[in-house]
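Numbering (this note's numbering), first residue to last: 3 to 423.
Note that the Cβ used here is the ideal one computed from N, Cα and C, for glycine as well.
Below you'll find the structure, written out as structure tokens, and then a few comments.
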Amino acid sequence: MIDIKLLREDPDRVRTSQRARGEDEGIVDAILAAEQTHRSSLTEFEQLRAQQKSLGKQVAQAQGDEKQALLARTKEISARVKQLQADADTAQATLGDLIRQIGNIVEDGVPVGGEDDYTLLETVGEIPEFDFEPRDHLALGESLAAIDMERGAKVGGSRFYFLTGVGARLELALLNMGIAQAVEHGFTPMITPTLVKADVMAGAGFIDKHGDEVYRLEADDLYLTGTSEVALAGYHADEILDLSAGPKRYAGWSACYRREAGSHGKDTRGIIRVHQFHKVEMFTYCRVEDAAAEHQRLLGWEKEMLAKIEVPYRIIDTAAGDLGGPAARKFDCEAWVPTQGRYRELTSTSNCTTYQARRLNTRERDPNGQGTRAVATLNGTLATTRWMVAILENHQQADGSVVVPKALQPFLGLEVLRPVA
RNA sequence: GGAGACGUCGCCUAGUCCGGUCUAUGGCGCCGCACUGCUAAUGCGGUUUGGGUUUAUCGCCCAUCGAGGGUUCAAAUCCCUCCGUCUCCGCCA
3 MIDIKLLRED PDRVRTSQRA RGEDEGIVDA ILAAEQTHRS SLTEFEQLRA
53 QQKSLGKQVA QAQGDEKQAL LARTKEISAR VKQLQADADT AQATLGDLIR
103 QIGNIVEDGV PVGGEDDYTL LETVGEIPEF DFEPRDHLAL GESLAAIDME
153 RGAKVGGSRF YFLTGVGARL ELALLNMGIA QAVEHGFTPM ITPTLVKADV
203 MAGAGFIDKH GDEVYRLEAD DLYLTGTSEV ALAGYHADEI LDLSAGPKRY
253 AGWSACYRRE AGSHGKDTRG IIRVHQFHKV EMFTYCRVED AAAEHQRLLG
303 WEKEMLAKIE VPYRIIDTAA GDLGGPAARK FDCEAWVPTQ GRYRELTSTS
353 NCTTYQARRL NTRERDPNGQ GTRAVATLNG TLATTRWMVA ILENHQQADG
403 SVVVPKALQP FLGLEVLRPV A
């Protein structure tokens, strides 16, 4: 949720942001009007309520006829107070519904436009050249006895899979390497709930626009999370944090669940796009002034991880229209996938500034004055199951074996993965 | 799953039975000031959060006693639903 004060004081900034995202800017004026309505109805309610309270005190002390007269007056006021309160509540709900439709204010420098309008920031590493026909990650995974899609489909349906033997070990090694790096940089490792309540899901911003993407357990009114970001965003909900000693950094380890609605027919082969996978995710709470710098740090830690698996990749600055609602800016790192001849997303880091925190009511003492203010939240990927695709394909050899990147070897306990006969 | 106890503004706590001087008590902690070689101790004052009004402050007002409803002129207090914590019993990885 954006700051209503910002919208009031600088509506043009919000309009510009909406335009960059390709979204309705007329809503700004609707919100301004709704706020006026809310404020006047609230004032009206409060004034009569004050009168009701002071009369109530007289009632308590009065006796006999005087008391009866007061009761008659106060009964009438009571009914009006109730009505005014209902009006004020309605006005507030209307305002809330409107303002929640606005995405975060896009950071300066973010390219305008949709999915294809990203800015290429950097390309790292050499695209490998094979003197043999490279096999895709699933062919490799099957011959290594690492991935079993067929039985995955038998048990869970399409887009489910088993990681078997070295496949399971490779995933654990990758995730453990992510946790190890996070710990090395001062993150607190966290294993998070993957089922969360509706208000946490909504607070993290995953219901409004990604509603179709999310699994919901009807019987319990719980949501399966698509990333530990959700649980970590909820972790400090309704709290006042002390960030005077620096940001709070968490590394969440969790299973992730995505419905992949609307992506029928896309990436149907292998484990690129699946309903369930694992991820180690960085999550930071920091002061809003530090958020942009922290975003660069998160990107730096993603690059550090990508260097460890020795695959070529590029970094893009996602266009405004491709940002999630809570994000003010997003950098994706995309690894080269040889058999597809293109780059595929391995990491994504978003600066959500105060957007999530405002919804989840996570604040700090205002260092510049009195009272409290919303903190900033950021997130970024350290490792996911999908990384196996890039590792397998980029490090494959003519005989079907796969060389394990050096940094990963101590975690995996193997230097080479060899095909099973 | 069954039975019971509980949830008060950082922490602890009074108030709830019997609705109205509760504008929520007291202690601890914390902040400020005073006194004082320093620290400590002591004294005085302040200390939930959100919002409205004003906006240069002061001030005034509303909401907030786990959450949401209800009863009532009036709810921390009475009723209902939900959430959470603890104890015991049962069942089960």
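Meets three-Cβ-pair contact criterion under 8 Å: the stretch 66 to 83 and the stretch 278 to 295: No, they do not touch.
Bridge-paired residues (DSSP) for Gln-278: The residue given as residue 278 occupies position 276 in the first sequence. DSSP lists Tyr-259 as the beta-bridge partner residues of Gln-278.
CA-to-CA distance, Leu-142 to Gly-167, given in whole angstroms: Translated into positions along the first sequence, residue 167 becomes position 165. Translated into positions along the first sequence, residue 142 becomes position 140. Roughly 14 Å between the two C-alpha positions.
Close Cβ partners of Thr-341 (< 8 Å) along its chain, the five nearest in sequence each way excluded: In the first sequence, counting from the first residue as 1, residue 341 sits at position 339. So the qualifying residues of the chain are Pro-136, Arg-137, Asp-138, His-139 and Glu-395.
Closest Cα partner of Val-114 within the set Met-192, Ala-95, Arg-161 and Ala-22: For this step, residue 114 is matched to residue 112 along the first sequence. When the alpha-carbon of Val-114 is set against those of Met-192, Ala-95, Arg-161 and Ala-22, the nearest one is in Ala-22.
Exposure of Asp-99, with buried meaning 16 or more beta-carbon neighbours within 10 Å: Position 97 of the first sequence, counting from 1, holds the residue named residue 99. With fewer than 16 other Cβ atoms within 10 Å, it is exposed.
Delimiting residues of the beta strand (DSSP E) encompassing Ser-352: Within the first sequence, residue 352 is the residue found at index 350, counting from 1. Start and end: 344 to 353.
Expected contact under 8 Å - CB spacing of Asp-355 and Ala-330 to nearest Å: Working through the first sequence from its first residue, we reach residue 355 at position 353. Working through the first sequence from its first residue, we reach residue 330 at position 328. In the sequence under discussion, the amino acid at residue 355 is Thr, which differs from the Asp named in the question. Right, their Cβ atoms sit about 5 Å apart.
Nearest candidate by alpha-carbon position, reference Ala-337, set Ser-56, Ala-74 and Pro-130: If you number the first sequence from 1, residue 337 lands on position 335. Nearest of Ser-56, Ala-74 and Pro-130 to Ala-337, Cα basis: Pro-130.
Residue burial classification, Phe-134 (beta-carbon count within 10 angstroms, cutoff 16): Taking the first sequence and counting its residues from 1, the one referred to as residue 134 is at position 132. Burial call: exposed.
Cβ separation of Ala-184 and Leu-384, assumed to be a contact under 8 Å, to the nearest whole Å: Walking along the first sequence from the start, residue 184 turns up at place 182. Walking along the first sequence from the start, residue 384 turns up at place 382. The pair is a contact, with the Cβ atoms about 6 Å apart (cut-off 8 Å).
Whole-Å CB distance - His-277 paired with Phe-162, under 8 Å assumed: Within the first sequence, numbered from 1, the residue matching residue 277 stands at position 275. Within the first sequence, numbered from 1, the residue matching residue 162 stands at position 160. The beta carbons of His-277 and Phe-162 sit about 6 Å from each other, so the pair counts as a contact at 8 Å.
CB contact flag (Arg-102, Asp-210, <8 Å): Taking the first sequence and counting its residues from 1, the one referred to as residue 102 is at position 100. Taking the first sequence and counting its residues from 1, the one referred to as residue 210 is at position 208. Arg-102 is a Cβ neighbour of Asp-210, given a cutoff of 8 Å.
Cβ neighbours of Val-232 in the same chain (closer than 7 Å, five flanking residues each side left out): For the purposes of this step, residue 232 is identified with residue 230 of the first sequence, where counting begins at 1. Excluding residues within five positions, the ones whose Cβ falls inside 7 Å are Val-198, Val-202, Met-203, Ala-206 and Phe-208.
Contact set for His-238: own chain, Cβ-Cβ below 7 Å, skip 5 residues either direction: Position 236 of the first sequence, counting from 1, holds the residue named residue 238. Taken in chain order, the residues that qualify are Tyr-287 and Thr-364.
From Asp-222, Val-157, Trp-255 and Leu-245, residue whose alpha carbon lies closest to that of Ile-194: Walking along the first sequence from the start, residue 194 turns up at place 192. The amino acid occupying residue 194 in the given sequence is Thr; Ile does not appear at that position. Comparing alpha carbon positions, the residue from Asp-222, Val-157, Trp-255 and Leu-245 closest to Thr-194 is Trp-255.
One or two residues paired with Trp-338 in a DSSP bridge: Numbered from 1 along the first sequence, position 336 holds the residue referred to as residue 338. According to DSSP, Trp-338 bridges with Tyr-345.
Pro-369 burial status per 10 Å Cβ neighbour count (16 or more: buried): Walking along the first sequence from the start, residue 369 turns up at place 367. With fewer than 16 other Cβ atoms inside 10 Å of its own Cβ, Pro-369 counts as exposed.
Cβ-based neighbour list, Gly-158, same chain, cut-off 8 Å, excluding 5 preceding and 5 following: Mapped onto the first sequence, residue 158 falls at position 156. Excluding the 5 residues flanking it on each side, Gly-158 has same chain C-beta neighbours closer than 8 Å at His-277 and Gln-278, in chain order.
Extent of the continuous alpha helix (DSSP H) to which Met-3 belongs: Residue numbering aside, residue 3 sits at position 1 when the first sequence is read from its first letter. Unbroken run through Met-3: none, as it is neither H nor E.
Backbone CA spacing between Cys-335 and Arg-41 [nearest angstrom]: As a position in the first sequence, residue 335 is number 333, starting the count at 1. As a position in the first sequence, residue 41 is number 39, starting the count at 1. CA-CA distance, Cys-335 to Arg-41, rounds to 45 Å.
Cβ-based neighbour list, Leu-44, same chain, cut-off 6 Å, excluding 5 preceding and 5 following: The residue you call residue 44 lines up with position 42 of the first sequence. Once the five neighbours on either side are set aside, the close Cβ partners of Leu-44 are Ala-90.
Rounded separation between Thr-374 and Asp-292 - CA only: Within the first sequence, numbered from 1, the residue matching residue 374 stands at position 372. Within the first sequence, numbered from 1, the residue matching residue 292 stands at position 290. Those two C-alpha atoms are separated by around 17 Å.
Residue range of the beta strand (DSSP E) that includes Pro-314: On the first sequence, residue 314 is found 312 positions in, with the first residue counted as 1. Note, Pro-314: premise wrong, no beta strand (DSSP E); not H, not E.
Inter-residue spacing [alpha-carbon to alpha-carbon] between Glu-304 and Met-390: Here residue 304 is taken as the residue at index 302 of the first sequence, counted from 1. Here residue 390 is taken as the residue at index 388 of the first sequence, counted from 1. Inter-residue distance for Glu-304 and Met-390 is about 16 Å (C-alpha atoms, whole angstroms).
Expected contact under 8 Å - CB spacing of Thr-227 and Thr-196 to nearest Å: Position 225 of the first sequence, counted from the first residue, corresponds to residue 227. Position 194 of the first sequence, counted from the first residue, corresponds to residue 196. Thr-227 to Thr-196, Cβ: 5 Å. Contact.
Beta-carbon spacing of Leu-123, Ile-318 below 8 Å: Reading the first sequence from its first residue, position 121 is the one you call residue 123. Reading the first sequence from its first residue, position 316 is the one you call residue 318. A contact, by the Cβ cut-off of 8 Å.
Given Leu-308 as reference, the closest of Tyr-225, Ala-359, Val-126 and Ala-235 once Cα atoms are compared: Locating residue 308 in the first sequence gives position 306, counting from the first residue. Residue Val-126 is the option with its Cα nearest to Leu-308.
Inter-residue CB distance, Gly-24 and Gly-323 (contact presumed, cutoff 8 Å): One-based indexing of the first sequence puts residue 24 at position 22. One-based indexing of the first sequence puts residue 323 at position 321. Contact flag correct, Cβ pair sits at about 4 Å.
Cβ neighbour criterion (16 or more within 10 Å) applied to Ser-56: Residue numbering aside, residue 56 sits at position 54 when the first sequence is read from its first letter. Exposed, because fewer than 16 other Cβ atoms sit within 10 Å of the Cβ of Ser-56.
Straight-line Cα distance separating Pro-421 from Ile-393: Counted from its first residue, the first sequence places residue 393 at position 391. Counted from its first residue, the first sequence places residue 421 at position 419. Linking Ile-393 to Pro-421 through their CA atoms gives a straight-line distance of about 15 Å.
Where Thr-121 falls, given that 16 or more other Cβ within 10 Å makes a residue buried: For the purposes of this step, residue 121 is taken as the residue at position 119 of the first sequence. With a 10 Å radius around the Cβ and a threshold of 16 neighbouring Cβ atoms, Thr-121 comes out exposed.
For Gln-217, the three-state DSSP class (helix, strand or coil): In the first sequence, residue 217 corresponds to position 215, counting from 1. Here the sequence assigns Tyr to residue 217, which means Gln is not the residue at that position. Tyr-217: coil per DSSP, three-state reduction.
Same chain, Cβ closer than 6 Å to Pro-328, neighbours up to 5 away in sequence not counted: Residue 328 sits at position 326 when you count from the first residue of the first sequence. Within the same chain, Pro-328 has close Cβ partners Asn-106, Gly-207, Cys-354, Tyr-357 and Gln-358.
Backbone secondary structure at Val-198 - three-state DSSP: Locating residue 198 in the first sequence gives position 196, counting from the first residue. In this structure, Val-198 counts as strand in the three-state DSSP scheme.
Helix, strand or coil at Arg-251 according to DSSP, with G and I counted as helix: Position 249 of the first sequence, counted from the first residue, corresponds to residue 251. Residue state, collapsed to three classes: strand.
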